[in-house]
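Here the sequence shown is numbered in our numbering, starting from 873 and rising by one per residue.
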Amino acid sequence: MKILQNNKNNVTGFFQKESTDFGVDENNQTALGYQHHDALWWDGESKVLTDRPAMDFEQTIDFFKDCFLHISTNIMHLYAPKKVLEFGSGSGMLSEMFRERGATTVTVDANEVVKDKSPHIDGNHFWARTDKPLDFTDEEGGKVFFDVVVSLEHFEHIPVETCDVMMENIQNHTKPGAYLIFTAAAWEYDGEQHHVHCNVQTKAYWEQYITRFGFEVSNPPFPLGRAADTWEIFARRV
């Protein structure tokens, strides 16, 4: 299924530096709201770089492959989604695994390096911010609704003042019975590390927050296993 984005987002004034783990604006200042890229970066050609010095290149790739295989396998087994929306998709490796299992995916990420270089995205990848209005339709003009929305290590990067827009995008593209699965880091980074967690909240905050948009929190049926000190939240649209 070919998905269309009808209201093109403007990402001018924000870009992701290649081979780094931070976003900057036109003045080279750290920018809020960048899309997480799971530590996989391109140097402008084909080599993938990592900001995890404890692991070499192959170990890093294996870590993410195993993690995404675990997540995609469990989600497909439990929910059998036909359409999956991933916000802050980074390289798109997770959604590629959903497609390998028969799902149609839409991936959204503001990193231009991903758009130009990632081997894991398909024609339903959109270079856009998730906290600006989005409108996805099929080729006949019908609005697309997703069975599962997944967003890993992304919510903490969305500024508080625009987070409602991101949730409205999710709300507008799901129906009762759809699932929202996301992680949110519980710690802050200082500016010197150039890795901005601008929306760090308690687990109780996130659970209460998403109920405003029609989601009911459920007990996690399996661990996502993304990172320590990170909330893992599963919810169902009611």
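Positions of the beta carbon are idealized from the N, C-alpha and C atoms, including for glycine.
Straight through space, the alpha carbons of K987 and S961 are spaced by roughly 11 angstroms. Taking C-beta atoms under 8 angstroms as the contact rule, F959 and M1038 qualify, at a distance of about 7 angstroms. With a beta-carbon spacing of about 19 angstroms, R1001 and T1046 fall beyond the 8 angstroms limit used to define contacts. For R1109, the pairing in a beta bridge is given by DSSP as F1087. Between G964 and I993, the beta carbon gap of about 4 angstroms places them in contact (Cβ cut-off 8 angstroms). Excluding five sequence positions before and after E1060, the CB atoms of its chain that fall closer than 8 angstroms to its own CB belong to H1069 and V1072, given in chain order. Per DSSP, the unbroken beta strand (DSSP E) holding V980 starts and ends at T976 to D981. Assigned with DSSP and collapsed to three states, E1028 falls in helix. Across the structure, H997 and A1076 are spaced so that their CA atoms are roughly 32 angstroms apart. For S944, the CB contacts under 7 angstroms within the same chain, skipping 5 residues up- and downstream, are L966, M969, F970 and R973 in chain order.
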